[in-house]
Amino acid sequence: MKRNNLWAPWRIGYIQGLSEKHDCFICHNVKNPQQNEENFVLWQTKSCLAMLNKFPYNNGHLLLAPIRHIAGLEELNDGELLEITKLIVASQKVLTAAIKPHGFNIGMNFGRCAGAGLPGHLHIHIVPRWDGDTNFMETCAGTDVISQSMKDLYKQLKKASTENNLPGF
Ligand SMILES: [Zn+2]
């Protein structure tokens, strides 16, 4: 059976455990820059953060978020809007340099009914895609293979960031 959506049932435990600001992993990452490597924070810019999703839909799944704990796009100021948009571009560049995806899904979920795991802190999903990758994910998602490969992936993306001068601002 071919799946075309981004529903990921193994995320449910994680989704149910998070809602309030004190449980917000994005705010946690902002407050603990000394843990950037273990939290897989790739970049921190003036007002935004780019990190690997610890519960990825696919290899290289990044999350972009403003540093401020805000829920809606309309709450972003002009500086944040510009930065987060530039981070989309930089994310595609670094992923292309490091792991050569065939395509991307880039999107946002607002509200739990729309699939937002962390509705209080807006974030943009950058999901690299490869031809035929849905079959791979159905077989391997949620296993230890992913968490181990994420450490290697993080190093790869850090290296590609340096080599390509990303995010570049
Ligand atoms: Zn937050």
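Residue 138 in numbering that gives the first Met the number 0 sits at position 139 of the sequence shown, and the numbers go up by one each step. Cβ atoms here follow ideal geometry from the backbone N, Cα and C, with glycine treated the same way.
Judged by DSSP in its simplified three-state form, LEU165 adopts coil rather than helix or strand. Judged by beta-carbon spacing, ILE123 lies beyond the 8 Å limit of LEU48, meaning their Cβ atoms are not closer than that value.
Of ASN104, HIS120 and ILE105, the smallest CA-CA separation from ARG111 is found for HIS120.
Under the three-state reduction of DSSP output, CYS23 falls in the coil class, being neither helix nor strand.
Across the structure, ASN31 and PRO100 are spaced so that their CA atoms are roughly 30 Å apart. Within its own chain, the residues whose Cβ lies closer than 6 Å to the Cβ of ILE25, once the five positions on either side in sequence are excluded, are ALA64 and HIS120, listed in chain order.
Measuring C-alpha to C-alpha distances from LYS150 to each of ASP22, VAL29 and LEU41 identifies LEU41 as the nearest.
In this structure, ILE87 is the residue among ALA159, ILE87 and PRO118 with its C-alpha nearest to the C-alpha of ILE125.
Remark: the C-beta of GLY119 is in contact range of ligand 1, defined as less than 7 Å to any heavy atom. Counting only runs of 3+ residues, the beta strand (DSSP E) found wholly inside the region 56-101 occupies 61-65, in chain order. Pairing VAL29 with ILE66 gives a Cβ-Cβ distance under 8 Å. For PRO32, the three-state secondary structure derived from DSSP is helix. For TYR56, the closest C-alpha among the options THR161, ASN76, SER160 and ASP132 is that of ASP132. Membership of HIS124 in the beta strand (DSSP E) is indicated by the continuous run 123-128.
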